[in-house]
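Below you'll find the structure, written out as structure tokens, and then a few comments.
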Amino acid sequence: AQVAGGVPAMCDGVTQGQPGMELSLFSRDIIAMAAGIGLSHNMFDAAVFLGVCDKIVPGLMIAALTFGHLPSVFIPAGPMTSGLPNDEKNRIRQLYAEGKVGRAELLESESKSYHGPGTCTFYGTA
């Protein structure tokens with residue numbers, strides 16, 4: 005069996021506020037092109053796509069549909085369970101916006117919100 009390596013991927017949750025954040029949405033198209041190039045060599049009988057995140061999943065789907073000459077199976081990762089209810093996350097974020105809590109409290113809340121393996125439960129930029 006032949007294996008066609010991975011594709012470039014970025015998580016905008018990690019790049020928030022960093023140089024390169026503006027490339028987050030563009031990365032979906034790069035992921036699609038990279039996976040598509042790997043599929044275009046007529047060396048495979050089928051494809052299995054393993055995806056996570058709201059740019060990687062659509063990027064892989066675009067590749068499968070654009071270079072759709074192969075039978076394909078797509079397996080998305082499961083969602084991460086939320087550590088804090090949405091109303092609690094919103095309350096802390098609102099207090100931070102009002103200047104009533106500091107950055108440390110905000111970051112503690114965010115860390116408790118997404119504390120385990122799996123995808124974030126928001127496919128907002130797909």
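Adding 4 to a residue's 1-based position in the sequence shown gives its number in the numbering used here.
All C-beta atoms, glycine included, are put in the ideal place defined by N, C-alpha and C.
I'd like the span of the beta strand (DSSP E) that includes residue i, first residue to last.
i	result
A173	What the structure shows of the chain is the stretch from 5 to 130, and residue 173 is not part of that stretch, so it cannot be assessed.
F78	76-80
Would you grab the beta carbon distance between residue i and residue j for me? Rounded to a whole angstrom, and I think it's under 8 angstroms.
i	j	result
K93	S115	Rounded, the Cβ-Cβ distance is 11 angstroms, inconsistent with contact.
L74	A101	Going by Cβ atoms, the distance from L74 to A101 rounds to 48 angstroms, so no, they are not a contact pair.
Pull up the distance between the alpha-carbon of residue i and that of residue j, whole angstroms please.
i	j	result
Q6	L110	Note that Q6 scores a pLDDT of 49, beneath 50, so its modelled location is shaky; the value from the coordinates is reported in the next line. Approximately 46 angstroms between the Cα atoms of the pair.
L27	M47	31 angstroms
Do the CB positions of residue i and residue j come within less than 8 angstroms of each other?
i	j	result
S117	L88	yes
R32	P62	yes
Between which two residues does the alpha helix (DSSP H) holding residue i run?
i	result
L140	This structure cannot speak to residue 140, because the chain is shown only from 5 to 130.
E112	107-117
A68	60-70
Pairs of beta-carbons, one from the stretch 79-89 and one from the stretch 47-56, closer than 8 angstroms: are there three or more?
Segments in contact, yes.
When the Cβ atoms of the stretch 38-51 are set against those of the stretch 98-106, are three or more pairs found closer than 8 angstroms?
Proximity of the stretch 38-51 to the stretch 98-106 falls short of the contact definition, fewer than three beta-carbon pairs being nearer than 8 angstroms.
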